[in-house]
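Asker: The structure is given below, and queries will be raised subsequently.
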Amino acid sequence: MAVQDPSAGRSAVDEEIKKLSFELERGSSFRLMDTLFGEYDSGSVFEYDFSSLDTRKALEKDGKLSCIEQALTLPILSAGWRIVPAEGGEKVAEELETFLRMGALEGGMQTPINLVIAQATSARAYRKAFFEKVYKEQDGKVFYDKIAYRPPETCRIARDPRTGAYMGFRQTPVRQGTPSLTQTKDVDVRPPYAWVHINGQRRNPLSGVSDLQVPLWCHETKMKILYLWTTFLATQAEPRLMTSGGDPEDAARRLAALRGGGVVGLPNGVEARVLESNGTAAQSFQDMINYLDTQMSASVLAGFTDLTSGASGTGSYALSQDQSDFFVQSLEAYSTELAESITHNILGDLVVFNHGRTAKFPKFEFEPLADGDVDRCITLLQGLSNGQSVLPFEFVEELAMKTANYLEMDTDKLRDAMEKAAEVAEEKAAMALESQRQGIEGQKAAMAQGAVPGKPGVNGKVPPKGSPAEKQAKTVAGVAAKVGVAAKAVQQKQAKESAR
């Protein structure tokens with residue numbers, strides 16, 4: 075086979091590169107209805123989202139809606155975070171993490187990073203979260219003085235009118251007191267001073283989506299039903315009357331003037347009766363409210379929030395934690411999306427300003443959100459350490475490894491220790507079974523000579539050598555030894571952590 079000339083291949087690649095048009099975008103990200111953007115000015119189009127005020131008012135009125143919003147955001151706020159360095163970029167990552175964790179009195183930001191993260195999660199309700207980045211010079215380097223949140227109802231995102239590319243945002247600032255006209259003019263905030271976190275770009279890259287869109291529709295429908303329900307209750311408190319005989323119109327006027335405890339005289343032959351309801355209408359209102367609440371939680375995969383209203387007190391539905399599993403996965407997907415936005419818009423600018431574009435860029439990451447599972451895994455593992463498990467052996471071993479991963483233990487070292495313990499336990503089990511077999515043979519010989527029979531082995535029986543029952547007994551002993559080693563290692567790890 076002939077050896078190819080590397081230079082010949084390189085020239086072919088160069089010819090292909092010459093055909094490329096670098097940084098040329100011909101298409102557009104606008105959808106069909108996105109042509110109705112709010113305004114055009116200074117080479118940008120601006121989109122105003124009118125749903126922000128409606129969302130804010132609804133969150134103040136609806137307990138179920140507020141519960142869902144907290145379920146979508148609070149787990150992320152309770153999770154820890156870290157900055158993961160790129161290979162060879164440990165110093166850059168350490169510098170950024172040190173600054174972001176500094177308090178305002180120590181020279182850090184006036185807006186702590188945890189507050190910024192909390193405000194960024196508001197995009198789950200309002201589609202977008204707007205921030206203005208204010209810089210400062212410190213020790214010869216550029217850092218943030220603050221990352222200031224801007225209310226979404228005062229802002230509109232700016233985009234390139236041809237391609238839809240992001241170009242910052244415009245705010246109509248609200249001033250207190252008696253500001254001059256120049257102070258109330260629109261303010262354009264452009265990169266690198268602007269950061270707009272857009273929620274749900276996978277569905278709507280330009281405008282984002284609100285995770286409360288369906289719950290908001292349910293809230294509006296609930297308000298209409300509550301109005302009808304209130305009207306119905308008013309009729310139950312003051313029942314309607316019906317008259318017959320004589321002059322019904324005159325009797326009706328007299329009855330209409332009645333108030334609580336009032337008395338009215340009616341002519342002879344005129345009868346008044348109360349129009350009674352069957353009492354089932356209230357249940358229809360309640361059923362519709364429950365249906366809307368269920369749709370609210372189902373739209374964000376938070377069906378577990380309905381357990382208190384839907385559970386009957388018995389069965390797995392009332393007690394199970396499984397309904398939250400998929401919801402936790404959705405939270406982890408959102409936290410990854412938010413972490414990427416922080417990496418690009420917060421970390422990226424500081425790395426470029428202080429180290430240049432050739433530096434090793436670190437990544438912002440959230441800690442795992444399902445930390446509550448750690449305690450359950452540890453409790454279950456310790457409960458299984460007595461070897462009396464009815465669970466599959468594979469599950470028990472995987473549980474031990476998962477718990478070790480949660481606690482950041484050396485899983486390879488732990489696995490080796492578990493395997494060695496299993497080998498020793500299986501050998502001991504085999505020796506015990508063989509000893510029992512020999513005891514049975516000895517007793518048989520003794521019985522032949524007239525001795526009193528005993529009950530050797532388990533229930534007087536010992537599995538034959540090489541039988542499936544013997545293999546099962548040895549496997550049970552090995553798994554029990556593995557779990558015992560894992561449980562002991564976990565206890566030692568917890569003791570070390572508590573001693574710190």
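Take any residue in the sequence shown, count from 1 to its spot, add 74: that is its number in our numbering. Using N, Cα and C, we set each Cβ at its ideal position, and we do this for glycine too.
1) Hey, how far is the Cα of Thr485 from the Cα of Ala491?
2) DSSP three-state call for Glu441: helix, strand or coil?
3) Need the endpoints of the alpha helix (DSSP H) that His429 sits in, please.
4) I want to check one thing, is the minimum distance from the CB of Pro149 to the heavy atoms of the ligand FMN below 7 Å?
5) What does DSSP give as the partner residue(s) for Ser118 in the beta ladder?
6) Quick check: what's the CA-CA separation for Thr417 versus Ala547?
7) How would you label Ser358, buried or exposed, when you count the other beta carbons within 10 angstroms and need 16 or more for buried?
8) Buried or exposed for Pro289, going by 16 or more other Cβ atoms inside 10 Å?
9) What does DSSP give as the partner residues of Val158 in its beta bridges?
10) With DSSP collapsed to three states, give me the class of Ser394.
11) Suppose contacts are defined by Cβ-Cβ distances below 8 Å. Is Thr129 in contact with Ala199 by that definition?
12) For Asp262, which beta-bridge partners are listed by DSSP?
13) Where does Lys539 fall in DSSP's three states?
14) Among the candidates Ala503, Val263 and Lys545, whose CA atom is the shortest distance from the CA of Arg233?
15) Using 8 Å as the threshold, is the C-beta distance between Val498 and Ala561 below it?
16) Unbroken alpha helix (DSSP H) runs of length 4 or more, entirely within the segment 127–182: which are they?
17) What does a CB cutoff of less than 7 Å around Leu94 pick up in its chain, not counting 5 residues either side in sequence?
18) Can you find the residues in the same chain that come closer than 7 Å, C-beta to C-beta, to Lys220, ignoring five residues on each side of it along the sequence?
19) Can you give me the C-alpha to C-alpha distance between Gly534 and Gln510, rounded to a whole angstrom?
20) At the level of alpha carbons, what is the spacing between Leu286 and Arg201?
21) Under a Cβ-count criterion, where at least 16 other Cβ atoms within 10 Å of its own Cβ denotes burial, should Ala563 be classed as buried or exposed?
22) I'd like to confirm the pairing. Which residues does DSSP put opposite Glu211 in its beta bridges?
23) By how many angstroms is the C-alpha of Pro226 removed from the C-alpha of Phe204?
24) Mapping DSSP to helix, strand and coil, what is Ala203?
25) If you draw a straight line from the alpha carbon of Gln403 to that of Phe306, how long is it in whole angstroms?
26) Take Lys215 and list the residues in its own chain whose beta-carbon comes closer than 7 Å to its own, dropping the five residues that flank it on each side.
27) List the endpoints of the continuous beta strand (DSSP E) containing His271.
28) With 16 other CB atoms within 10 Å as the buried threshold, where does Gly540 fall?
29) Would you kindly work out how many angstroms separate the C-alpha atoms of Gly23 and Asn419, rounded to a whole number?
30) Could you say if the segment 148–166 and the segment 405–417 meet the contact criterion of at least three C-beta pairs nearer than 8 Å?
31) Using a 10 Å radius around the Cβ and a threshold of 16 neighbouring Cβ atoms, would you call Glu113 buried or exposed?
32) Out of Ala543, Glu493, Val166 and Arg327, state which residue places its alpha-carbon closest to the alpha-carbon of Arg430.
33) Quick one: residues in its chain with C-beta nearer than 7 Å to the C-beta of Val559, no 5 flanking neighbours on either side, listed in chain order?
34) Please report the straight-line C-alpha distance between Leu315 and Lys135, rounded to a whole angstrom.
35) Where do the ends of the beta strand (DSSP E) carrying Arg328 lie?
36) Since Met370 and Lys138 should fall inside the 8 Å C-beta cutoff, what is the C-beta to C-beta distance between them, to a whole number of angstroms?
Answerer: Considering the structure as presented:
1) Along the sequence shown, one-based indexing puts residue 485 at 411. Along the sequence shown, one-based indexing puts residue 491 at 417. When rounded, the separation of the alpha-carbon atoms in Thr485 and Ala491 is 10 Å.
2) Locating residue 441 in the sequence shown gives position 367, where the first residue counts as 1. Correct three-state label for Glu441: coil.
3) One-based indexing of the sequence shown puts residue 429 at position 355. His429 -> alpha helix (DSSP H) spans Gly422 to His429.
4) Absence of the ligand FMN from the depicted structure is noted, as is the absence of any ligand whatsoever, leaving it without description.
5) On the sequence shown, residue 118 is found 44 positions in, with the first residue counted as 1. In DSSP, Ser118 forms a bridge with Asp115.
6) Mapped onto the sequence shown, residue 417 falls at position 343. Mapped onto the sequence shown, residue 547 falls at position 473. One C-alpha to the other measures close to 54 Å.
7) Locating residue 358 in the sequence shown gives position 284, where the first residue counts as 1. Ser358 should be labelled exposed.
8) Counted from its first residue, the sequence shown places residue 289 at position 215. Burial call: buried.
9) Taking the sequence shown and counting its residues from 1, one reaches residue 158 at position 84. Note: Val158 sits in a beta bridge opposite Lys437.
10) Numbered from its first residue, the sequence shown carries residue 394 at position 320. Confidence is the limiting factor: at Ser394 the pLDDT is only 43, short of 50, which leaves the residue's position unreliable and the question unanswerable from this model.
11) Numbered from 1 along the sequence shown, position 55 holds the residue referred to as residue 129. Numbered from 1 along the sequence shown, position 125 holds the residue referred to as residue 199. The answer is yes: Cβ separation under 8 Å.
12) The sequence position of residue 262 within the sequence shown is 188, counting from 1. Answer is Arg244, bridged to Asp262.
13) Numbered from its first residue, the sequence shown carries residue 539 at position 465. Lys539 falls in the coil class under three-state DSSP.
14) Here residue 233 refers to the residue found at position 159 when the sequence shown is read from its first residue. Checking every option, the nearest Cα to that of Arg233 belongs to Val263.
15) As a working mapping, residue 498 is identified with position 424 in the sequence shown. As a working mapping, residue 561 is identified with position 487 in the sequence shown. No, they are not a contact pair.
16) Runs of the alpha helix (DSSP H) inside the segment 127–182: 137–152 and 164–174.
17) Counting from 1 along the sequence shown, the entry for residue 94 is found at position 20. Excluding residues within five positions, none has a Cβ falling inside 7 Å.
18) On the sequence shown, position 146 is the one that residue 220 refers to. Contacts found: Met183, Gln184, Thr185 and Val208.
19) The residue labelled residue 534 in the question sits at position 460 within the sequence shown. The residue labelled residue 510 in the question sits at position 436 within the sequence shown. Its pLDDT being 49, under 50, Gly534 is placed unreliably by the model, and the measurement read from it follows with that caveat. Those two C-alpha atoms are separated by around 10 Å.
20) As a working note, residue 286 is residue 212 in the sequence shown. As a working note, residue 201 is residue 127 in the sequence shown. Take the alpha-carbon of Leu286 and the one of Arg201: they are about 9 Å apart.
21) Along the sequence shown, read from residue 1 onward, the residue named residue 563 stands at position 489. Around the beta carbon of Ala563, a 10 Å sphere encloses 16 or more other beta carbons of the protein chains shown; the residue is thus reported as buried.
22) Sequence index remark: in the sequence shown, residue 211 carries index 137 (1-based). Partner(s): Val216.
23) For this step, residue 204 is matched to residue 130 along the sequence shown. For this step, residue 226 is matched to residue 152 along the sequence shown. The alpha-carbon atoms of Phe204 and Pro226 are separated by roughly 6 Å.
24) By one-based count along the sequence shown, residue 203 stands at place 129. In the structure shown, Ala203 falls within a strand segment according to DSSP collapsed to helix, strand and coil.
25) Counting from one through the sequence shown, the residue named residue 403 turns up at place 329. Counting from one through the sequence shown, the residue named residue 306 turns up at place 232. Going from the Cα of Gln403 to the Cα of Phe306 covers about 43 Å.
26) Taking the sequence shown and counting its residues from 1, one reaches residue 215 at position 141. Here the set comprises Asn428.
27) The residue you call residue 271 lines up with position 197 of the sequence shown. Ala268 to Ile272 is the span of the beta strand (DSSP E), which, as asked, contains His271.
28) For the purposes of this step, residue 540 is taken as residue 466 along the sequence shown, with counting starting at 1. Label assigned to Gly540: exposed.
29) The structure shown does not extend to residue 23, since the chain spans only 75 to 574, so no value can be given for it.
30) Yes, the segment 148–166 is in contact with the segment 405–417.
31) Counted from its first residue, the sequence shown places residue 113 at position 39. Its Cβ having fewer than 16 others within 10 Å, Glu113 is exposed.
32) Counted from its first residue, the sequence shown places residue 430 at position 356. The amino acid at residue 430 is misidentified as Arg; the sequence shows Gly. Answer by Cα proximity: Val166.
33) Locating residue 559 in the sequence shown gives position 485, where the first residue counts as 1. Here the set comprises Ala491, Met492 and Ala495.
34) Locating residue 315 in the sequence shown gives position 241, counting from the first residue. Locating residue 135 in the sequence shown gives position 61, counting from the first residue. Between Leu315 and Lys135, the C-alpha separation is close to 35 Å.
35) Within the sequence shown, the letter at position 254 stands for residue 328. For Arg328, there is no enclosing beta strand (DSSP E); the enclosing alpha helix (DSSP H) has its first and last residue at Pro322 to Ala330.
36) Here residue 370 is taken as the residue at index 296 of the sequence shown, counted from 1. Here residue 138 is taken as the residue at index 64 of the sequence shown, counted from 1. Contact holds; Cβ gap of about 6 Å.
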